[in-house]
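Chemist: One structure follows; several queries about it will come next.
Right, dumping it as structure tokens:
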């Protein structure tokens with residue numbers, strides 16, 4: 344191989360490395376909604392009849408659940424809104440008895456609910472408790488507590 348061929352191979356490798364870097368950075372910058380991020384109740388179905396206390400297991404797909412604090416694309420933590428509406432994207436999730444925060448990155452919680460009909464909204468938020476955009480990042484269900 345002569346010097347000219349070596350330079351040509353080096354140039355091809357540089358272009359290939361640049362394209363790979365662009366692809367990796369593009370994938371990292373996609374937000375959770377673009378990546379198909381989804382939160383869900385694991386064992387709890389819409390219309391279920393349950394007893395209290397209720398162990399709620401939560402999961403996320405294409406979204407990393409972690410403690411609150413840093414705001415990172417595709418990462419955040421979960422909230423459960425009891426008997427209230429899901430929070431609109433871009434709004435801060437309030438901190439009160441209706442809006443339960445799992446800012447330590449928890450994916451299980453025990454809820455004490457009075458007998459009767461209830462709604463639960465599982466909601467993803469960023470590290471600053473701002474509700475994230477994307478249809479899959481909030482799931483609302485209705486349950487009946489015996």
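Numbering (the numbering used here), first residue to last: 344 to 489.
Cβ atoms here follow ideal geometry from the backbone N, Cα and C, with glycine treated the same way.
For clarity, every value in this text was computed on a predicted model and none was experimentally measured.
Starting from residue 455, trace the beta strand (DSSP E) in both directions and tell me its first and last residue.
Modeler: That residue, residue 455, is in no beta strand (DSSP E); it is neither H nor E in DSSP.
Chemist: Could you give the C-beta distance for residue 393 and residue 484, rounded to a whole number, given that I count them as a contact under 8 Å?
Modeler: Incorrect: roughly 11 Å between the Cβ atoms, too far for contact.
Chemist: Count the C-beta pairs between the region 387-406 and the region 446-461 that are closer than 8 Å, then say yes if the count reaches three, no if not.
Modeler: Cβ pair count under 8 Å is three or more, so yes.
Chemist: Ignore the nearest five residues each way along the sequence and tell me which others in residue 481's own chain have a CB closer than 8 Å to its CB.
Modeler: So the list reads 382, 429, 430, 464, 465, 466, 467, 474, once near-sequence residues are dropped.
Chemist: Between the C-alpha atoms of residue 447 and residue 414, what's the straight-line distance to the nearest angstrom?
Modeler: Roughly 14 Å separates the two Cα atoms.
Chemist: Applying the 10 Å Cβ sphere with the 16-neighbour rule, what's the burial state of residue 385?
Modeler: Answer is exposed; the Cβ neighbour count stays below 16.
Chemist: Please classify residue 469 as buried or exposed, where buried requires at least 16 other C-beta atoms within 10 Å of its C-beta.
Modeler: Residue 469 comes out buried.
Chemist: Whole beta strand (DSSP E) runs in the region 418-472 with 3 or more residues, listed along the chain?
Modeler: The qualifying runs are 418-425, 442-445, 451-454, 459-468.
Chemist: Once you ignore the five residues that flank residue 390 on each side, which residues in its own chain have a CB closer than 7 Å to its CB?
Modeler: Closer than 7 Å at Cβ, skipping near neighbours: 485.
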